[in-house]
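Numbering (the numbering used here), first residue to last: 129 to 680. Taking it in order: structure first as structure tokens, then the write-up.
See the structure below:
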């Protein structure tokens, strides 16, 4: 039963608020000498603990919190007077004002509670504290009864289930300051001019109204004036110095692609040290740990997986300065991570270039080795005549030596991408000689003899032929054909076979990325496509059907 009551307690928030205010107002009206007023105060604090405007009901108190709370309640009850009552009402006023921006019935209920406390402070408490003649006797009793009746009105508010609402302490603090200004201003005017308190209160209210009206006019931009709102926002943003200058300078440093991440970090922190409120910066990355300036007692830290940075300040770090510091450090960390990522991409691109260069030369060496193995088989073949063997070696060895020399030159200077230019007809004849005796048909229709990139053409054709010959191992009956057509400068080179079609999943990616291969690196066609692209050739799969696979 008790657990059910606790769960339903938030539904009676307005009733608790009304009873809490009723007990406090009644205790203040009875005075500090009455035992009944102390009973009402005990009831008031009990209701306050049930109301709990800040702490959630499921949150438990620690022993220290309970000790402080019990001490405060005992002091309030034992030494209860109007000064302590005024102090407590101001605290309640700040809490209630922070909840006044709810919706519907909640807004009206908390607004009524704020009005009750406000009227109690300026009409009853303040003139009594300073022995001033405020509201006359019968009228004073009427005001007290009216405030108690308004509190009872809150009790009669229908219960409803409420959701947790945010408490705006800044607005509550500003209303408390305004209330203190009205109270103290009215007392000061009364003592200075000798006018009655209510008249002084009216004058102070008029002065405060004019001031708030002027602030409202100046808050919005108009007539070329930027407005106090923009000045306030700019102040919050630029607590430690012009934030725009910091961002611009940081972006300018980051735009330098030649600067290393650690150099970028050191330079940025040197500019960060120009903030007058910063006494030191300590940072630790995977490569470096250093301290700029000195360490102070006040600091704020920002930890990241790539960078840990601590900012030391001369003065204690308040909420606004903490937000500003976190923003500065997060921007610095973001740019540092971007610079580290940029260096990683450059390194990956360099490794990719090395990988592609090495894989291309590996294919060249592989093709040379295959040519050597073919000549070795011819030499070891007992049926081949010595004259035929000598003729083949006479034709093949100079070409093989030249290719091996070219490959070694590329290996010595891998950054040299220039290809040797030469006669197309001469290249075609050498290609037929290299692949003579391998059951490959060569067909040509040549009407011109332009210069071509010999190395690129060699690499492309050899990769296509070696793939076709590898397929022939599993499908011995297939025919391999190489066809060259040249009309003026229009060159078409086609390599085809009569074997099975290439799988569609492989056909769509063979020129885009390296493939998995059991007898190589799977990068031959990818490299051939890149080489063809570099010399303005188009390499693609022209036909992919059963019995005809053709590359053009």
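Positions of the beta carbon are idealized from the N, C-alpha and C atoms, including for glycine.
In the structure shown, the three-state DSSP call for residue 283 is helix.
Partner residues in the beta bridge of residue 440, as assigned by DSSP, are 408 and 427. Judged by DSSP secondary structure, residue 622 falls within the beta strand (DSSP E) whose first and last residues are 618-625.
By the criterion of at least three beta-carbon pairs nearer than 8 Å, the segment 627-634 is not in contact with the segment 571-589. Our two residues, residue 317 and residue 159, have alpha carbons roughly 27 Å apart in a direct line. Close CB contacts of residue 378 within its chain, under the 8 Å cut and outside five residues either way in sequence, are with 396, 399, 459, 460 and 463 (chain order).
For residue 609, the enclosing beta strand (DSSP E) starts and ends at 608-615.
When Cβ pairs closer than 8 Å are counted between the two stretches, the segment 312-331 is seen not to touch the segment 268-288, the count staying below three.
Nearest in C-alpha terms to residue 532, of all of 146, 664, 583 and 173, is 583. Rounded to the nearest whole angstrom, the C-alpha separation of residue 148 and residue 178 is 10 Å. Within the segment 542-579, the beta strand (DSSP E) runs of at least 3 residues that lie entirely inside it are, in chain order, 549-551 and 568-574. For residue 339, the uninterrupted alpha helix (DSSP H) run begins and ends at 325-347, by DSSP.
Around the Cβ of residue 339, a 10 Å sphere holds fewer than 16 other Cβ atoms; the residue is exposed. One Cα belongs to residue 612, the other to residue 507, and the distance between them is close to 31 Å. The way I'd put it, the segment 441-450 doesn't touch the segment 411-423; fewer than three beta-carbon pairs between them come closer than 8 Å. In terms of Cβ geometry, residue 210 and residue 256 form a close pair [threshold 7 Å]. In this structure, the CA atom of residue 197 is about 24 Å from the CA atom of residue 249.
By the Cβ-count criterion, residue 562 is buried, with 16 or more other Cβ atoms from all chains shown falling within 10 Å of its own Cβ.
Taking every protein chain shown into account, the CB of residue 207 has fewer than 16 other CB atoms within 10 angstroms, so this residue is exposed. Spatial neighbours of residue 659 in its own chain (CB-CB distance under 7 Å, excluding positions within 5 residues in sequence) are listed in chain order as 584, 587 and 588.
Put simply, of 422, 410, 443 and 414 the residue whose alpha carbon is nearest the alpha carbon of residue 429 is 410. Per DSSP, residue 195 lies in no beta strand (DSSP E) segment; the continuous alpha helix (DSSP H) that holds it begins and ends at 191-206. Contact between the segment 381-392 and the segment 465-473 is present: three or more C-beta pairs spanning the two stretches fall below 8 Å.
Distances from the CA of residue 593 to each of 580, 559 and 618 were compared; the closest alpha carbon is that of 559.
As computed with DSSP, residue 581 is found in a beta bridge with 549.
By the 16-neighbour rule on beta-carbons within 10 angstroms, residue 590 is buried. Per DSSP, the unbroken alpha helix (DSSP H) holding residue 254 starts and ends at 254-257. Counting of Cβ neighbours within 10 angstroms places residue 341 among the exposed residues, the total staying below 16.
Among the bridge pairs identified by DSSP, residue 673 is matched with 676.
Taking the CA atoms as reference points, residue 236 sits about 34 Å from residue 190. Going by DSSP, residue 260 is part of no beta strand (DSSP E) at all; its letter is neither H nor E.
Here residue 435 carries a strand assignment [DSSP, helix/strand/coil].
An exposed status is given to residue 199, since fewer than 16 other beta-carbon atoms sit within 10 Å of its beta-carbon.
The Cβ atoms of residue 441 and residue 406 sit closer than 7 Å to each other. Collapsing the DSSP output to three states places residue 417 in a strand. Around residue 151, the same chain offers 168, 171 and 172 as residues with beta carbons nearer than 6 Å, after the five sequence neighbours per side are excluded.
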